[in-house]
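To keep things clear, I will list the structure first and then write my remarks on it.
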Amino acid sequence: MKQIDEQHELLLVRYFLGELDDMEKTVLDRWLQESEENRRHFNAVKKAGEAISDLEKMKAINGNKAFQKVSLKLFGKDKSIVITLIRKIAAVLFLPLLIASAWFYLVQEKKSEIMSSVYQQTESPAGMRSSMVLPDGSMVWLNSGSRIRYPVYPGSTREVYIEGEVYFEVAKDPERPFIVHAGELNIEVTGTIFNCQSYPEDQVINTVLVEGTVKISQENGGRPILMEAGELVGFIKSEGKMTRSMTDPEKHIAWKSGKLMFRDDPMDVVIARLERWYNIDIQVVDKEIEHYAYTATFENETLDQVLRFLELSAPISYSVAEREQNPDGSLGKQKVKLYSQGGQKVRQ
Amino acid sequence: MHSSGLIDEKFLVIQLQQDDRKVFELIFKFYYSGLVVYADRIIRDTEMSEDIVQSVFMKLWEDRKSLRIDTLRSYLGAAVKNRSIDLIRNQQVQDRYLEYIRERNPEHEEGFCNFRELSEMINQAIDKLPPRCREIFLMSRFRHLKTADIARELKISGRTVETQISHALKILRIELKDYFYLIVTLSKLFFE
Numbered sequence: 241m242k243q244i245d246e247q248h249e250l251l252l253v254r255y256f257l258g259e260l261d262d263m264e265k266t267v268l269d270r271w272l273q274e275s276e277e278n279r280r281h282f283n284a285v286k287k288a289g290e291a292i293s294d295l296e297k298m299k300a301i302n303g304n305k306a307f308q309k310v311s312l313k314l315f316g317k318d319k320s321i322v323i324t325l326i327r328k329i330a331a332v333l334f335l336p337l338l339i340a341s342a343w344f345y346l347v348q349e350k351k352s353e354i355m356s357s358v359y360q361q362t363e364s365p366a367g368m369r370s371s372m373v374l375p376d377g378s379m380v381w382l383n384s385g386s387r388i389r390y391p392v393y394p395g396s397t398r399e400v401y402i403e404g405e406v407y408f409e410v411a412k413d414p415e416r417p418f419i420v421h422a423g424e425l426n427i428e429v430t431g432t433i434f435n436c437q438s439y440p441e442d443q444v445i446n447t448v449l450v451e452g453t454v455k456i457s458q459e460n461g462g463r464p465i466l467m468e469a470g471e472l473v474g475f476i477k478s479e480g481k482m483t484r485s486m487t488d489p490e491k492h493i494a495w496k497s498g499k500l501m502f503r504d505d506p507m508d509v510v511i512a513r514l515e516r517w518y519n520i521d522i523q524v525v526d527k528e529i530e531h532y533a534y535t536a537t538f539e540n541e542t543l544d545q546v547l548r549f550l551e552l553s554a555p556i557s558y559s560v561a562e563r564e565q566n567p568d569g570s571l572g573k574q575k576v577k578l579y580s581q582g583g584q585k586v587r588q
Numbered sequence: 084m085h086s087s088g089l090i091d092e093k094f095l096v097i098q099l100q101q102d103d104r105k106v107f108e109l110i111f112k113f114y115y116s117g118l119v120v121y122a123d124r125i126i127r128d129t130e131m132s133e134d135i136v137q138s139v140f141m142k143l144w145e146d147r148k149s150l151r152i153d154t155l156r157s158y159l160g161a162a163v164k165n166r167s168i169d170l171i172r173n174q175q176v177q178d179r180y181l182e183y184i185r186e187r188n189p190e191h192e193e194g195f196c197n198f199r200e201l202s203e204m205i206n207q208a209i210d211k212l213p214p215r216c217r218e219i220f221l222m223s224r225f226r227h228l229k230t231a232d233i234a235r236e237l238k239i240s241g242r243t244v245e246t247q248i249s250h251a252l253k254i255l256r257i258e259l260k261d262y263f264y265l266i267v268t269l270s271k272l273f274f275e
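So the sequences go chain by chain: A and B. Mapping of the first sequence onto the numbering used here: residues 241 to 588, in sequence order. Mapping of the second sequence onto the numbering used here: residues 84 to 275, in sequence order.
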């Protein structure tokens with residue numbers, strides 16, 4: 241297809257956003273009259289816009305309520321049938337009641353299994369980031385090497401399972417809490433924005449609340465913590481303990497806009513982030529580096545640019561090793577070594 | 084992005100024929116919102132569209148034993164479409180509409196997307212956008228912020244916001260071209 245000039249491209253954008261004024265509408269109409277080609281471009285834009293508004297319409301439709309209505313018409317009051325049944329049995333003997341309810345419970349269990357087993361998993365491979373809209377309308381961003389498992393049906397529970405780092409903008413629904421299972425933690429919300437970092441290999445699960453309220457509890461009990469906006473809760477896996485502190489949420493969520501942000505962060509934190517971001521291994525040769533704190537923001541920089549910046553702004557130097565070949569022929573991870581600039585002089 | 088997890092419709096139909104209400108609920112919730120939007124495209128009335136889809140599902144349950152269904156999708160799609168068209172009172176509009184969809188795509192007359200398929204398609208498209216572009220696009224189309232508000236929040240110019248959205252749009256209109264709704268809006272039929 242032929243390129244469209246910038247002026248008309250912007251008109252299409254403003255049409256797409258619903259921000260055209262009368263004057264612009266006239267210009268766009270005239271342009272559409274000019275050629276079939278132009279109309280094709282316009283229709284493609286229109287289709288993209290309609291796909292998105294259809295998705296939004298679907299989100300707004302309450303399948304739960306509709307189903308209740310339909311099942312009431314078809315089955316009457318579902319539960320009362322079972323209750324009368326149980327009552328009849330109870331009238332005969334108490335013991336059969338126990339058996340009946342146990343049976344009823346088991347059957348219900350099995351059926352809800354079908355429903356809840358329809359889960360979908362999405363993952364963002366190492367070195368990549370992705371985002372998506374969940375069936376309930378919540379938005380999530382997956383950082384490098386992260387995955388999320390979520391129920392396919394917008395009508396069922398809102399329980400998701402994550403590994404790695406995920407940023408959530410949870411759609412409001414006070415009736416159905418949204419529960420994130422991260423390692424041993426359960427994070428419960430109704431509508432809120434937060435970031436959870438829970439890589440299996442990490443010692444700590446970090447949760448940062450940007451907006452709203454969040455309740456964190458451990459799977460094996462203990463008192464839940466009610467988080468406030470701007471707070472960071474770290475769960476230390478080995479001790480089973482939670483720590484609370486205030487933080488700048490921006491630095492924890494910058495990754496979702498493709499930014500790497502450090503604010504007075506210790507070097508080990510910086511290194512762990514860089515390793516995941518670029519899918520590399522970093523080896524610290526001179527241990528004193530680990531005491532440095534680091535402040536910087538990177539946006540769309542290559543690994544090389546970041547390392548060079550690191551070298552310029554801190555007494556650090558680096559070397560990049562050739563990538564080794566794995567036995568299966570694939571290339572291994574890139575390996576980077578960090579030296580203290582003082583330390584290297586001693587070696588020379 | 085990798086995705087997995089499909090539903091075996093044959094299994095669902097068999098379960099349905101064995102009176103499994105849970106499976107009925109599952110099918111209902113899986114297709115409901117997509118079908119409502121599908122009907123809404125034809126009759127332009129969301130409330131009535133919901134009624135249509137609900138009655139189609141009630142029919143599905145009542146007739147479950149005698150149904151010979153290949154796929155739930157085409158059964159549900161055809162049923163919703165036919166009931167919607169029946170509701171168009173103006174015969175002339177109805178004829179033009181039928182002619183229109185016959186011309187467009189005679190083989191897939193019952194085409195509609197359910198929520199999961201559509202959200203997957205859109206997610207995959209959005210995934211192809213560069214991070215900055217994606218953020219701005221999501222703010223605009225999913226958080227419904229005006230260009231000026233986005234510009235203020237991100238401390239950039241309105242023109243930059245529009246340029247980023249134009250990048251996004253160039254990618255999205257290629258990625259979403261397969262979104263297979265076939266329904267023309269009635270206003271178009273009236274005024275053409």
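Here a beta-carbon is modelled for each residue, glycine too, at the ideal position from N, C-alpha and C.
Residue B:R151 holds the alpha-carbon nearest to the alpha-carbon of E92 (chain B) among B:E130, B:V119, B:R124 and B:R151.
In the DSSP assignment, K573 (chain A) is bridged to no other residue. Taking 7 Å as the CB threshold, V253 (chain A) lines the interface with chain B. Straight through space, the alpha carbons of L374 (chain A) and K287 (chain A) are spaced by roughly 22 Å. If you compare the alpha carbons of A:E441, A:P440, A:Y439 and A:F418 with that of G431 (chain A), the shortest gap goes to A:F418. Annotation: H227 (chain B) is outside any alpha helix (DSSP H) and is labelled neither H nor E by DSSP. Contact with chain A is absent for L150 (chain B), since none of that chain's Cβ atoms lies less than 7 Å from the residue's Cβ. Taking R513 (chain A) as reference, the option from A:V267, A:A536 and A:F307 with the minimal CA-CA separation is A:A536. Counted as a single uninterrupted DSSP element, the beta strand (DSSP E) harbouring T362 (chain A) occupies residues Y359 to S364. In this structure F549 (chain A) is exposed. Its beta-carbon is surrounded by fewer than 16 other beta-carbon atoms within 10 angstroms. E424 (chain A) is outside the set of residues whose beta carbon lies under 7 Å from a beta carbon in chain B. Around E245 (chain B), the same chain offers T230 as residues with beta carbons nearer than 7 Å, after the five sequence neighbours per side are excluded. For M131 (chain B), no CB of chain A lies under 7 Å from its own CB, so it is not counted at the interface with that chain. Taking a 10 Å sphere around the C-beta of G462 (chain A), we find fewer than 16 other C-beta atoms and assign the residue as exposed.
Pairwise C-beta distances place the segment 497 to 514 of chain A in contact with the segment 526 to 536 of chain A, as three or more of them are shorter than 8 Å. Looking at the DSSP output, D262 (chain A) sits in no beta bridge, so it has no partner there. Burial check for A161 (chain B): the Cβ neighbour count within 10 Å stays below 16, so the residue is exposed. Closer than 7 Å to the CB of D294 (chain A) there is at least one CB belonging to chain B.
Chain A has a Cβ within less than 7 Å of the Cβ of Y115 (chain B). In the DSSP assignment, R516 (chain A) falls within the alpha helix (DSSP H) that extends over M507 to Y518.
Here D376 (chain A) is buried. Its C-beta has 16 or more other C-beta atoms within 10 Å. Cα atoms of Q137 (chain B) and I456 (chain A): separation of roughly 39 Å, rounded to the nearest angstrom. Only residues of its own chain outside the window of five on either side were considered, and among them L251 and R254 have a CB closer than 7 Å to the CB of E264 (chain A), listed in chain order.
Exposure of E182 (chain B) is indicated by the presence of fewer than 16 other C-beta atoms within 10 angstroms of its C-beta.
In the three-state DSSP reduction, N460 (chain A) falls in the coil class, being neither helix nor strand. Between R199 (chain B) and I209 (chain B) a beta carbon distance of about 15 Å is seen, past the 8 Å cut, so the two are scored as non-contacting. Residue pairing by DSSP places S438 (chain A) opposite A:G404 in a beta bridge.
For S202 (chain B), the residues of chain A that pass the 7 Å Cβ criterion are L295, V373 and P375, in the order they occur in the chain. Listed in chain order, the non-local C-beta contacts of H250 (chain B) below 6 Å within the same chain comprise C216, local neighbours out to five positions each way being set aside. With its beta carbon less than 7 Å from one in chain B, S370 (chain A) belongs to the interface. DSSP, reduced to helix, strand and coil, places G289 (chain A) within a helical segment of the structure shown.
Per DSSP, G241 (chain B) lies in no beta strand (DSSP E); the unbroken alpha helix (DSSP H) holding it starts and ends at G241 to E258. Per DSSP, S478 (chain A) lies in no beta strand (DSSP E) segment and is marked neither H nor E. The residue among A:L425, A:T447 and A:S311 with its C-alpha nearest the C-alpha of F434 (chain A) is A:T447.
By the Cβ neighbour-count rule, T362 (chain A) is buried, with 16 or more other Cβ atoms within 10 Å of its own. Contact of I402 (chain A) with chain B by beta-carbon distance below 7 Å is absent, the smallest such distance being about 15 Å.
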